[in-house]
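Undergrad: Chains as they are written, first to last, in the numbering used here: chain B, 36 to 147; chain Z, 3 to 113.
The beta carbon of each residue, even a glycine, is placed where N, CA and C say it ideally should be.
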Amino acid sequence: EAQVTQNPRYLITVTGKKLTVTCSQNMNHEYMSWYRQDPGLGLRQIYYSMNVEVTDKGDVPEGYKVSRKEKRNFPLILESPSPNQTSLYFCASRPGQFYEQYFGPGTRLTVT
Amino acid sequence: RKEVEQDPGPFNVPEGATVAFNCTYSNSASQSFFWYRQDCRKEPKLLMSVYSSGNEDGRFTAQLNRASQYISLLIRDSKLSDSATYLCVVNVYSSASKIIFGSGTRLSIRP
């Protein structure tokens with residue numbers, strides 16, 4: 036089944052404790068993105084990747100890192116999480132720049 | 003001004019009604035357009051792409067007006083299961099991968 040998977044689905048952590056949210060797609064898509072969704076603010080892009088080893092900042096990259104060492108994986112790293120990073124996070128992939136995106140199921144992160 | 007604007011709603015309509023949403027975009031370099039639906043706390047799912055010639059998928063019809071820079075979604079014979087938030091999404095031609103989401107329109111179908 037073609038899909039985007041994310042893990043973990045739910046995470047409660049404390050300020051400053053490094054964490055990684057994994058994202059994987061099995062559709063051989065070139066593009067992958069990370070978004071966060073907050074009430075009243077909609078979906079905002081954090082980082083995106085156009086291919087292996089090619090990543091760039093989105094609209095809200097502060098406090099996040101990403102890497103794209105393999106085409107299928109695009110982990111999101113929070114080196115020192117803070118409470119303002121409490122949010123619902125979605126990973127997405129698409130086959131080309133102007134194509135539709137496919138989203139993972141989301142990761143609900145709470146930082147206390 | 004937001005780059006993609008949608009009426010936030012909520013739209014509350016009876017089952018069987020026809021409902022229409024509009025979405026306006028400001029960037030003339032916009033290249034591709036989509037409607038997604040999102041259920042509460044779930045991931046957005048593609049409803050349909052939007053083409054200049056207009057396209058239809060069952061009860062759903064999407065239109066694109068490049069001259070006026072808006073896209074629309076029409077839902078006919080609405081079902082209870084159509085209750086969701088509908089997101090307008092625009093891909094902009096640029097050196098970067100710029101995807102802009104509207105803030106969504108909430109639709110509630112009542113029996």
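Report yes or no: do the region 84-93 of chain B and the region 8-19 of chain Z share at least 3 C-beta pairs separated by less than 8 Å?
TA: As far as the Cβ criterion goes, the region 84-93 of chain B does not touch the region 8-19 of chain Z, which means the pair count is below three.
Undergrad: Please classify Ser-54/Z as buried or exposed, where buried requires at least 16 other C-beta atoms within 10 Å of its C-beta.
TA: Exposed.
Undergrad: With respect to the beta strand (DSSP E) encompassing Pro-113/Z, which residues constitute its N-terminal and C-terminal limits?
TA: Segment: none, Pro-113/Z is in no beta strand (DSSP E) and carries neither H nor E.
Undergrad: Determine the DSSP secondary structure at Gln-148/B, reduced to helix, strand or coil.
TA: As shown, chain B starts at 36 and ends at 147. That puts residue 148/B outside it, with no answer to give.
Undergrad: Spatial neighbours of Cys-90/Z within its chain, please: CB distance less than 7 Å, with the 5 preceding and 5 following residues excluded, ordered by chain position.
TA: Correct list, in chain order: Val-6, Gln-8, Cys-25, Trp-37, Ile-73 and Gly-104.
Undergrad: Rounded to whole angstroms, what is the Cα-Cα separation between Arg-43/Z and Met-67/B?
TA: Near 21 Å, if we compare the C-alpha coordinates of Met-67/B and Arg-43/Z.
Undergrad: So is Pro-140/B in contact with chain Z if we call contact Cβ pairs under 8 Å?
TA: Output row for Pro-140/B: interface = yes.
Undergrad: How is the beta strand (DSSP E) around Ser-59/B delimited, first residue to last?
TA: Run containing Ser-59/B: 54-60, per the beta strand (DSSP E) assignment.
Undergrad: If you reduce the DSSP assignment to three classes, tell me which class Asp-94/B lands in.
TA: Asp-94/B falls in the coil class under three-state DSSP.
Undergrad: Using only the alpha-carbon positions, how far apart do Val-21/Z and Arg-78/Z sit?
TA: Between Val-21/Z and Arg-78/Z, the C-alpha separation is close to 7 Å.
Undergrad: Taking the alpha carbon of Tyr-99/B as the reference point, which residue from Trp-69/B, Gln-60/B, Asn-108/B and Gln-132/B has its own alpha carbon closest?
TA: Among Trp-69/B, Gln-60/B, Asn-108/B and Gln-132/B, the Cα nearest to that of Tyr-99/B belongs to Trp-69/B.
Undergrad: Which residues in chain Z have a C-beta closer than 9 Å to the C-beta of Glu-36/B? List them in chain order.
TA: Simply none; closest approach about 14 Å.
Undergrad: Buried or exposed: Pro-118/B, going by 16 or more other Cβ atoms within 10 Å of its Cβ?
TA: By the neighbour-count rule (16 or more Cβ atoms within 10 Å), Pro-118/B is not buried but exposed.
Undergrad: For Gln-33/Z, go through chain B and note every residue whose CB falls closer than 9 Å to its CB, in chain order.
TA: Result: Gln-132 and Phe-133.
Undergrad: Quick one, which of Ala-127/B, Thr-57/B and Leu-78/B has its alpha-carbon nearest Ile-112/B's?
TA: Of the candidates Ala-127/B, Thr-57/B and Leu-78/B, the one whose C-alpha sits nearest the C-alpha of Ile-112/B is Thr-57/B.
Undergrad: Any idea which residues DSSP pairs Met-85/B with across the strands?
TA: For Met-85/B, which the question treats as bridged, DSSP gives no partner whatsoever.
Undergrad: Would you say Thr-50/B and Pro-110/B are within 8 Å of each other, going by their C-beta atoms?
TA: No, these two residues do not count as a Cβ contact at 8 Å.
Undergrad: Would you mind stating whether Leu-76/Z and Thr-63/Z have Cβ atoms separated by less than 8 Å?
TA: Contact: yes.
Undergrad: Phe-125/B CB to nearest chain Z CB: under 8 Å?
TA: Output row for Phe-125/B: interface = yes.
Undergrad: With a cut-off of 8 Å, does the C-beta of Met-85/B fall near any C-beta of chain Z?
TA: Yes, because at least one Cβ of chain Z sits closer than 8 Å to the Cβ of Met-85/B.
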